[in-house]
Amino acid sequence: CSLGVLAVQLYLWCGVHRFVRFVRVPFAEIRAHFLPCLALLIPMLAPTLFRSMDKLMLESMSGAESVGLYGAAEQLQTCMLGFITGLGTVMLPRVSNLLAQGREEDAHSYIGDSMQFEAFIGSIFTFGIAAASSVFVPYYYGEAFSEAAILTTVLSPTILMIAIADVVRAQYIIPHKRDRIFVISVIVGAALNLLCNAVCIPWFADIHETLGMTADAAAALGSLPGTLAAELSVIVVQYLYLRRELPYKTYFRTCAIFPIAGLLMFFSARGVKLLCTELLSITSPLLLLAAEVAVGAVVYLGITGGWYYRFRRETLKKLIRK
């Protein structure tokens, strides 16, 4: 597979000279762009840094089995994050262009709309994965990974946290050349993650019988408080630096409905699962998943749609027209 990718890239380079003129770039110009590019790279590596730290500490303090359970829970979050971070990639040049034209109010309007969209999507993924994990994880990964379901549920809030932080990073911090803020938040998050893991991983492993889990699963669960604290610290650091520049109160008022609707969706989906298994004796994972998804979608879209119709009718009409 790797050789195939390499062959394709070499083939493309063979004909590139017909379209691209190669120019020797002085080292001084390369050096001038190195640190700004590094600042752009750090935010992309932040989630990977936190998760890699978890795995390394789990392997050294517990074993490969804990890492396997953690990895199974992490994969679902990683798949969903592609949808979350994609908006920041698209909006970054647009907001940067508006700021270059001096259209600060228009840029702030885009940030507010993006925050609502990310909260909408992030809440669906966060509470949807949490609700379906008890059925989906054992069905998809096998019964050997059934204990990863609780890990998936606990880890799911990181999706919403990363969504919120990504909007501020991509649409305000980077266009305003305030990369230092995110670098500091990543350092703080890494320190919190390291400290929490050092305390929680062995402690959770010691009380695994009280938790009703195997020692490996309990150790993997112990790595999650650090990850949650690290991702939350990114938002907190951003808020402390930018609370006088961005209307966080407005963001909260317009976005709070989505986590609330997601939480109600979570309880509705779990209630449907209990109803199907206890009263209707349905054991098919596919049927249970279908029931949870259907009821969860109706509840979430019903609540958010009703809220928009009642309080944000013009915004809803604009979205429908688009």
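Using the working numbering, you'd call the opening residue of the sequence shown number 72 and step up by one each time. The beta carbon of each residue, even a glycine, is placed where N, CA and C say it ideally should be. Note that this is a predicted model, so its numbers are computed, not measured.
Residue environment, residue i, which counts as buried when at least 16 other CB atoms sit within 10 Å
i	result
Asp287	buried
Ala219	buried
Cys267	buried
Val366	buried
Asp125	buried
Ala178	buried
Phe90	exposed
Pro356	exposed
Cys326	buried
Leu351	exposed
Glu363	buried
Tyr371	buried
Gly142	buried
Pro107	exposed
Gln80	exposed
Pro246	buried
Arg251	exposed
Thr119	exposed
Arg95	exposed
Gly297	buried
Tyr380	exposed
Ile244	buried
Ala103	exposed
Ala144	buried
Ala99	exposed
Ser131	exposed
Boundaries of the alpha helix (DSSP H) in which residue i is found, first to last residue
i	result
Glu189	175–212
Lys344	328–349
Thr224	219–226
Leu317	Looking at the DSSP string, Leu317 is not in any alpha helix (DSSP H), and its letter there is neither H nor E.
Ser73	73–85
Three-state secondary structure assigned by DSSP to residue i
i	result
Pro296	helix
Ile278	coil
His247	coil
Gln172	coil
Ser353	The sequence as given places Ile at residue 353; Ser does not occur at that position. Coil, per DSSP.
Gly283	coil
Pro69	For residue 69 there is no data in the structure shown, the boundaries of the chain being 72 and 393.
Phe93	coil
Ser133	coil
Cβ-Cβ distance between residue i and residue j below 9 Å
i	j	result
Ile200	Leu147	yes
Phe207	Ser227	no
Phe121	Glu302	yes
Ser442	Ala262	Nothing can be reported for residue 442, as the shown portion of the chain is limited to 72 through 393.
Ala234	Ile353	no
Val305	Gly376	no
Gly139	Phe253	no
Ala340	Ala202	yes
Leu317	Ile182	yes
Leu129	Ser137	yes
Ser204	Ala236	no
Leu360	Tyr210	yes
Leu299	Leu292	no
Ala241	Met162	yes
Gln309	Val369	no
Ile278	Ile328	no
Beta carbon proximity, residue i to chain C, threshold 9 Å
i	result
Leu169	Given the protein chain composition of this structure (a single chain), no chain C is represented.
How do the stretch 186–194 and the stretch 325–344 stand: do at least 3 beta-carbon pairs fall below 8 Å, yes or no?
Contact holds: three or more Cβ-Cβ distances are below 8 Å.
Any 3 or more C-beta pairs closer than 8 Å across the stretch 220–234 and the stretch 160–179:
No: fewer than three Cβ pairs fall under 8 Å.
Taking 8 Å as the threshold, find out whether the stretch 299–317 comes into contact with the stretch 335–351 through three or more Cβ pairs.
They do not touch, by the three-pair rule.
With contact counted as at least three CB pairs below 8 Å, one residue from each stretch, are the stretch 183–191 and the stretch 269–288 in contact?
Proximity of the stretch 183–191 to the stretch 269–288 falls short of the contact definition, fewer than three beta-carbon pairs being nearer than 8 Å.
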